[in-house]
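Chemist: Below are the structure tokens for one structure; questions will follow.
Number of protein chains: 4
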Amino acid sequence: MPIKEACGLLGIYSSQPDESIARTVYYGLFALQHRGQESAGIAVSDTRSIKYHKGIGLVSEIFSEEDLEDLKGKMAIGHVRYSTTGSNCLSNAQPLVVKYHSGELAIAHNGNLVNAYELRNDLEENGAMFHTTTDSEVIAALIARSRKSLIEAVIECMEKIRGAYSLLLMSKDKLIAIRDSNGFRPLCIGSYNGSYVVASENVAFDTIGAEFLRDIEPGEIVVFDENGISSHKVITSRKSLCVFEFVYFARPDSVIDKVSVYQTRWKAGAILAREHPVDADLVVAVPDSGNVAAIGFSDTSHIPMGMGLIKNRYIGRTFIQPSQRIRNLGVRLKLNPLKDLINGKRIVLVDDSIVRGTTMGQIVKMLKDSGAKQVHVRISSPPITHSCYFGIDTSTRRELIASCHDVESIRKLLDADSLGYLSIDGLIESIDMKEKDLCIACFTGEYPMQIPREGRKYLFEKR
Amino acid sequence: MPIKEACGLLGIYSSQPDESIARTVYYGLFALQHRGQESAGIAVSDTRSIKYHKGIGLVSEIFSEEDLEDLKGKMAIGHVRYSTTGSNCLSNAQPLVVKYHSGELAIAHNGNLVNAYELRNDLEENGAMFHTTTDSEVIAALIARSRKSLIEAVIECMEKIRGAYSLLLMSKDKLIAIRDSNGFRPLCIGSYNGSYVVASENVAFDTIGAEFLRDIEPGEIVVFDENGISSHKVITSRKSLCVFEFVYFARPDSVIDKVSVYQTRWKAGAILAREHPVDADLVVAVPDSGNVAAIGFSDTSHIPMGMGLIKNRYIGRTFIQPSQRIRNLGVRLKLNPLKDLINGKRIVLVDDSIVRGTTMGQIVKMLKDSGAKQVHVRISSPPITHSCYFGIDTSTRRELIASCHDVESIRKLLDADSLGYLSIDGLIESIDMKEKDLCIACFTGEYPMQIPREGRKYLFEKR
Amino acid sequence: MPIKEACGLLGIYSSQPDESIARTVYYGLFALQHRGQESAGIAVSDTRSIKYHKGIGLVSEIFSEEDLEDLKGKMAIGHVRYSTTGSNCLSNAQPLVVKYHSGELAIAHNGNLVNAYELRNDLEENGAMFHTTTDSEVIAALIARSRKSLIEAVIECMEKIRGAYSLLLMSKDKLIAIRDSNGFRPLCIGSYNGSYVVASENVAFDTIGAEFLRDIEPGEIVVFDENGISSHKVITSRKSLCVFEFVYFARPDSVIDKVSVYQTRWKAGAILAREHPVDADLVVAVPDSGNVAAIGFSDTSHIPMGMGLIKNRYIGRTFIQPSQRIRNLGVRLKLNPLKDLINGKRIVLVDDSIVRGTTMGQIVKMLKDSGAKQVHVRISSPPITHSCYFGIDTSTRRELIASCHDVESIRKLLDADSLGYLSIDGLIESIDMKEKDLCIACFTGEYPMQIPREGRKYLFEKR
Amino acid sequence: MPIKEACGLLGIYSSQPDESIARTVYYGLFALQHRGQESAGIAVSDTRSIKYHKGIGLVSEIFSEEDLEDLKGKMAIGHVRYSTTGSNCLSNAQPLVVKYHSGELAIAHNGNLVNAYELRNDLEENGAMFHTTTDSEVIAALIARSRKSLIEAVIECMEKIRGAYSLLLMSKDKLIAIRDSNGFRPLCIGSYNGSYVVASENVAFDTIGAEFLRDIEPGEIVVFDENGISSHKVITSRKSLCVFEFVYFARPDSVIDKVSVYQTRWKAGAILAREHPVDADLVVAVPDSGNVAAIGFSDTSHIPMGMGLIKNRYIGRTFIQPSQRIRNLGVRLKLNPLKDLINGKRIVLVDDSIVRGTTMGQIVKMLKDSGAKQVHVRISSPPITHSCYFGIDTSTRRELIASCHDVESIRKLLDADSLGYLSIDGLIESIDMKEKDLCIACFTGEYPMQIPREGRKYLFEKR
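Chains as they are written, first to last, in this note's numbering: chain U, 173 to 635; chain S, 173 to 635; chain D, 173 to 635; chain Z, 173 to 635.
Here it is as structure tokens:
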């Protein structure tokens, strides 16, 4: 459940100079805030030069009225992300804006390159210097090294980089949207009043009043400039959309590559109820990650649903060190059990996934302390057995509880009365998409491309 | 639905000097943050003097590690509130700390006095000067004027003030908790490790690891000092607990005067389903206010429930002026319809109440724009026809849509296919409490005490 | 030298509503910033109500463009002050704004009452409550208690309070300037474009482009309202203007009660050169307090002057804890000796006063370490032997080096080659004013009124 | 007078790991704050990695206790600078920290390269990308491109760059101090407790308790590492130390290349008195730039000196827009004439230089308005006729009043009774250094190296 996604992207190419373009990006980023809550930024181009503002924190904390006033133009790209902590973190915030032989270039990146370490080494050996510790700067450096036109340089760069990348590039007069040839991360196009919008999820279109046009295809380069919109597609490989976008990351009201996230989660819950039926009194979701699957489970099992766990929505980003006594309360600061509802009942506890198992164990204990007669844990995805190399921070493999324990061992560790995971087939069935078009490596270890060896991975993760 | 509550209170009398007492209050206030999000403060006494820190914003924005370090002591009181805007607002934040003949006194207040205007006028005529525009300072002034001991001064004050007040008072060596004789606002006692806690809602006990002991009774004065806990009860009148604590304000996991808020809301939804049945395909809650009643409605009507409206949890406190185009999108910035789920369906839309009707009308339109065949609005409380004078900001009467429209007119204004409000009897039935113990004046106009005339009310609200 | 003054005042009564009145006060307060650097505030009245903004720090740190935008009106008063530290300090910032039977009242105060403790006790015994720990709030409380008109209430108040007070009071439609009957602190009137200005020193008029009109007389009450300017004078006593305004506090370009501060200081230096001549090579001032007297000394003794000590103007308000090694450098963080100039020379070191002697001792040592052959200390005022009770923080008597040491002992403690203080007669001669019109109690112990006994003084200072 | 200098540098190589190394740099930067007041930063290395903190504003505004806590290590470099305004400014703050093939590198730079534009173009053509608009990043890029050891790469870089540069470089285990072969900007070495310090001016040593060791020679590279201190000198050319360091920039208590700044300024004033004698009553300095020369003038001419202009030290960094009326007061916000002193007198007004003449004209008018019978302007340097390309922001040539007006025309524009500039010979005489070792191009146009043509200059200055 507490998995950190990498980033959210939003770009606008306006039909005409737009005084409020940064405001529109600002509101669009709110709709994507769930994809990254540690830093954010907006860059705009007025076709002559690029200005930007970035900061650490939530979108609402970073931008003042005055900051947005300063950002007027015809194009804009915005980004929300998780950054690493420490004094350098602001320099890692995106969009990354660099100057090179053809002028200025702004980059916003969602994903993770698997060969960034080698590429960066090569570039450094050839005299490149870097200001950040992001793989996004490697992309910028590759483009800066090319002597070709921007589009050709982008294609050249895509031939070198391997991994997951949905990208927005902005030069002073062009907005370019790119989705890697595997299509790991979503990216789609919308429009309003003759302006184009590109976003990680279509929910951003709803928030700013734009219409969804279409998804960007894997390996596609879409260019917006004074000549309108044009598409290039040069690299193809097997599609492998990240299954976790459906399981956890994307907002339930998003539709990715024509598949509704909500329907997928509901179906996962419904299939889970068939695969792991249980005689119980109440279905309780772990809010908010288990909400939709719990409805599917309840609707299918005809076991009534109840809000047995209440989430405190204000605790989130506090940094005040609690006293030891408070710290021992653990998950109770964020989740409170509804004792009256739980007491004496046999509970089906539904969540989307288990990563390390610590939180789930605390929740099971909390429900039993509140009088639950039994707690049956149901997970709407299969056991996570392998690390992700394509942009999801699922921790190292040894921390994944399912990488070294079988289901019965996990059940014992959680002290649950029963534990049922959705099967891989069940998960595929819940997503209205061909299995071969999905990356399910975190459940199977069958990665869609060669991944770094362990040694390298360590170095890579260090950055 | 968008009703502003007045305040939340939390007090601790520790069994021994406690370096982390302010930290405990801090985490307790998080659990009460839903009761007031505009300012907050904590005052502590080390039995020699009182220190405090207050600010504008959420609890998490106001206190730094350093602020809490400075607040060590044996007693503490904390407060969250809605304040009026403008340059004076910090001075209105609570706890209010004053110096008078017997030393220092800190006051935290939840509620609203109906005779504050008269009392303040009298005090000013007798030479009092005021620093704030709160009725809480009137209470302080009355106590400062008394020549008696603190407890006797409190009793004397309670004989003069009329209205709603749950109060925490702290002198250098005493913590006093008071609930007005009508018991308008909740207040309860808990304990941990031999320390006492007083809070507006018992959920705060869960968050800080305290046990619930009992509710404070209407008209009761509870004193915590070196002699332990003692109770005084001098004034009695008919109990009239605010029904809106159950309908909207309190957290669903709270239990008020032995009645579970969650159960009450579920039953309200269930009775609503019986009172206003409808042939439909999907029950959709307005999140989060309609969530529990919607479950009750769905469980009773056997119409499946779906998360047809997704709430953006990041939009809340932003102050950036949207462009005109974005502003026209209205409620869409905060709520997004799940089109796939809604399209072609007959929707039962459940919320807890309708105040002015503007938002509800936008939601109905949004659902229809998303393809809903029908939208049947169901409200889990009766029409609000009268203003509240006891601590709830329901706006003036003329703004209340139900004060001047009958149900059919409201239905037309909302453009709903049908509209059903829970009956008063239904509401009473849903709350496991005698009708005579509740204040339901906002639905009936039968106030439990004399209220200010209109002319005065204006002056009063101006402050 | 490092003596803390109490406060600076600035008030404007505009001939017509003035959108930029707060801006004018803001710039005027800059000219008075030397009188108080710990907090500041501005209150304005638009004849209907009073608004204000206060803060901790320098004027430039407290007010934003937006804060000043909010403060429009026809009258305004501003204040700069030294506040006590701690969590309560903002509440002690001025102007103090209170509400009472006749409406709102803003107060700005420069000085110190000697009977505030008794008055406050009496008021508390009669039911008053206080929000601050300032004696200014006692003045507000006395006015609020009066049943008479504002002017009469002010006169009544002046009959009760004893001590030093230059005051600005502002009701919604009147600006009142008051100077205590001893005239301890300066206060003068200026005008521009038909508007009136009142300020602690006339240098504020220069900064905002106003003309000096006249000094306010001791015991005078000047009222500015829609009827123009009127004067009341009800209380008289012996004038006793604080001599330290000339010695140290006031800016050298100020003229107080028709006497130029610069000329006074120059003459003090000149007389000092005659009273304590010395055979030396270079006159060096302790910047900035000794600057003007050093010129007078040099001009008279014909010993050339040199900038032997360079002051670092950026160190001032930093709160970063230095490492032990840096801390040991003491005064060197702020003052750097110009070795080339000092080396091998016999130095006359001129400053305005010695309080505790610590800093002066460090400076003498620093000069000798830089190669000075001799250091002759010359002080342009007599030894400070008694504490001030009228608004100057000269520390308690036992900390005053001259209260318990004779000149020769002090010379030894400073390790100076000679030490000469200006005589009392010399000081009086330097000020073009009758001795009987000055308070020189800090040099003589002959206070112009009864002062609190020691025991009480402690309580008083505690606040 | 209002000339903006570029930067100040401070580096420390500690004899052992030092928890308070950043604190020492912090206090040292205070002593150099006069060299740059718009941004500042500190980077430290603990021999494993480099951490840094930078910000916009004064040193005292940028660093908190916590920021300094985080910066522990064995080496540190700090920087104060003037940055350009706008949203990008933080990225231009120094030290600049980059990653390249040999690890991390921190750079702090004082000066200006004349061929940065060409070098940057070349680098971009070869694939370099830049994050800032500083010429310092060009230096970093050249080093990153080299395949040699750091020292050799630095030498290679110095063979390519032309112009003014005092540099501090820090890798994880080396601190390198460099002064360009012309020695345009000062740089010197000190020590304390076995640790080495490098600073732009030796006054920083006084502030942190270090001893001056020696100046770094033009073209010298000094390396501090675990082997101690070593010196490399590979490039030589004619020395051309910037004369304006003596005239205006450096602190009077600094000694540059063995010449005392104070003595130089005093002599300049003395020679000025001989070159342009005048029959007058009072010498008045424009504070603080004219202070020392005015003493020299007074001592030589025997005309007494007086503080006729009082500077308001608090106005400095305020950004509040004054009202039109206040704005018209111009220089009066910062300087106030002492009327009593000036009235009826013939004034000699001394300043160090005239750039555009606007301020000087306002001062002359202000003195005459205050009653001065005559105002004789004396400038302790020759007329500035040419722009600087080596790190001083003297504006473009057309803005220099002396580039297009002769002395008599300037006198008329200033409305002065007479105007005398120090001759070039007089200036050289005042500085105890050979003429050939100084850059006096701003007075003569004879630049010590080829400078950019006008067209390029524009592009260059745009950056």
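In this text, a Cβ means the ideal position worked out from N, Cα and C, and glycines have one as well.
1) How many whole angstroms separate the CB atoms of D:H548 and D:D589, which I take to be in contact at a CB cut-off of 8 Å?
2) Going along chain S, which residues have a C-beta under 8 Å from D:A316?
3) Quick check on the burial criterion: 16 or more other C-beta atoms within 10 angstroms. Buried or exposed for Z:I350?
4) Assuming contact is defined by CB atoms lying nearer than 9 Å, are D:V252 and D:L201 in contact in what I supplied?
5) Taking U:V270 as the query, report the chain Z residues whose CB atoms sit under 7 Å from its CB, ordered along the chain.
6) Going by beta-carbon coordinates alone, are Z:L347 and Z:I184 separated by less than 9 Å?
7) Any idea which residues DSSP pairs Z:F396 with across the strands?
8) Quick one: which chain S residues come within Cβ less than 8 Å of U:T379?
9) Nearest to S:T379 by alpha carbon, out of U:V455, U:L505, U:V415 and U:M479?
10) Could you compute how far the alpha carbon of D:K516 sits from the alpha carbon of D:G543?
11) Distance check for Z:E392 and Z:V406, CA to CA, integer angstroms please.
12) Could you tell me which of S:S274, S:C614, S:Y289 and S:R485 sits nearest to S:L507, measuring between CA atoms?
13) Between the Cα of D:I573 and the Cα atoms of D:I556, D:Y561, D:C560 and D:G563, which residue gives the shortest distance?
14) Do you know offhand how far D:L444's Cα is from D:I551's?
15) Identify, in the order they occur along the chain, each residue of the same chain with its Cβ nearer than 6 Å to the Cβ of Z:T306, setting aside the five sequence neighbours on each side.
16) Per DSSP, what kind of secondary structure is S:A194 in: helix, strand or coil?
17) For the region 181-209 of chain Z, list every residue whose C-beta sits within 7 Å of some C-beta in chain D, in sequence order.
18) What alpha helix (DSSP H) runs, 4 residues minimum, are completely inside the region 553-615 of chain D?
19) Is it the case that the Cβ atoms of Z:C414 and Z:I564 are separated by a distance below 9 Å?
20) With 9 Å as the threshold, decide whether the Cβ of S:S221 is near any Cβ in chain U.
21) Give me the subset of the region 234-253 of chain D whose CB atoms are less than 7 Å from a CB atom of chain Z, sorted by chain position.
22) On the DSSP bridge assignment, give the partners of D:K244 in chain order.
23) Using the C-alpha atoms, what's the distance from Z:Y254 back to Z:G115?
24) Assign Z:R292 to buried or exposed, taking buried as 16 or more other Cβ atoms, counted over all protein chains shown, within 10 Å of its Cβ.
25) When the Cα atoms are used, what is the spatial distance from Z:I482 to U:D218?
26) Would you say S:G478 faces chain U, with C-beta separation under 9 Å as the test?
27) Please return the same chain residues whose Cβ sits closer than 8 Å to the Cβ of Z:I582, not counting the five positions on each side in sequence.
28) What number of angstroms, rounded off, separates the C-alpha of D:L243 from the C-alpha of D:A278?
29) Does U:S186 pass the burial test, meaning 16 or more other C-beta atoms within 10 Å, or should it be called exposed?
30) Counting pairs of beta carbons, one from the region 454-466 of chain D and one from the region 429-445 of chain D, are three or more of them closer than 8 Å?
31) Could you tell me the alpha carbon to alpha carbon distance between S:K226 and S:L454, rounded to whole angstroms?
32) Can you check DSSP and say which residues form a bridge with D:V456?
33) Can you give me the start and stop residues for the alpha helix (DSSP H) that S:L501 sits inside?
Modeler: For this structure:
1) 6 Å
2) E296, G299, A300 and M301
3) buried
4) Yes. Within cutoff.
5) M301, F302 and H303
6) yes
7) Z:L347 and Z:I401
8) Simply N484, L501, R504, L505 and N508.
9) Looking at the Cα atoms, U:L505 is the closest of the given residues.
10) The residue asked about is misnamed: residue 516 of chain D is Gly in this sequence, not Lys. Whole-angstrom Cα-Cα distance: 5 Å.
11) 7 Å
12) S:R485
13) In terms of Cα proximity to D:I573, the closest of D:I556, D:Y561, D:C560 and D:G563 is D:I556.
14) 8 Å
15) N264
16) Under the three-state reduction of DSSP output, S:A194 falls in the helix class.
17) With the criterion set as a beta carbon lying under 7 Å from some beta carbon of chain D, the members of the region 181-209 of chain Z are S192, R195, T196, Y198, Y199, F202, A203 and Q205, in sequence order.
18) Within the region 553-615 of chain D, the runs of alpha helix (DSSP H) that reach at least 4 residues and sit entirely inside it are, in chain order, 573-576, 579-586 and 596-602.
19) yes
20) Closer than 9 Å: no.
21) F235, E237 and L240
22) Answer is none; D:K244 lacks a bridge partner.
23) The displayed coordinates of chain Z run from 173 to 635. Any statement about residue 115 of chain Z would go beyond what the structure contains.
24) Buried, because 16 or more other Cβ atoms sit within 10 Å of the Cβ of Z:R292.
25) 47 Å
26) S:G478 has a beta carbon lying within less than 9 Å of a beta carbon in chain U.
27) I526, G529, P555, I573, A574 and L591
28) If I take the Cα positions, the gap works out to 14 Å.
29) buried
30) At 8 Å Cβ cutoff, the stretches touch.
31) 46 Å
32) D:L521
33) No alpha helix (DSSP H) holds S:L501; DSSP gives it neither H nor E.
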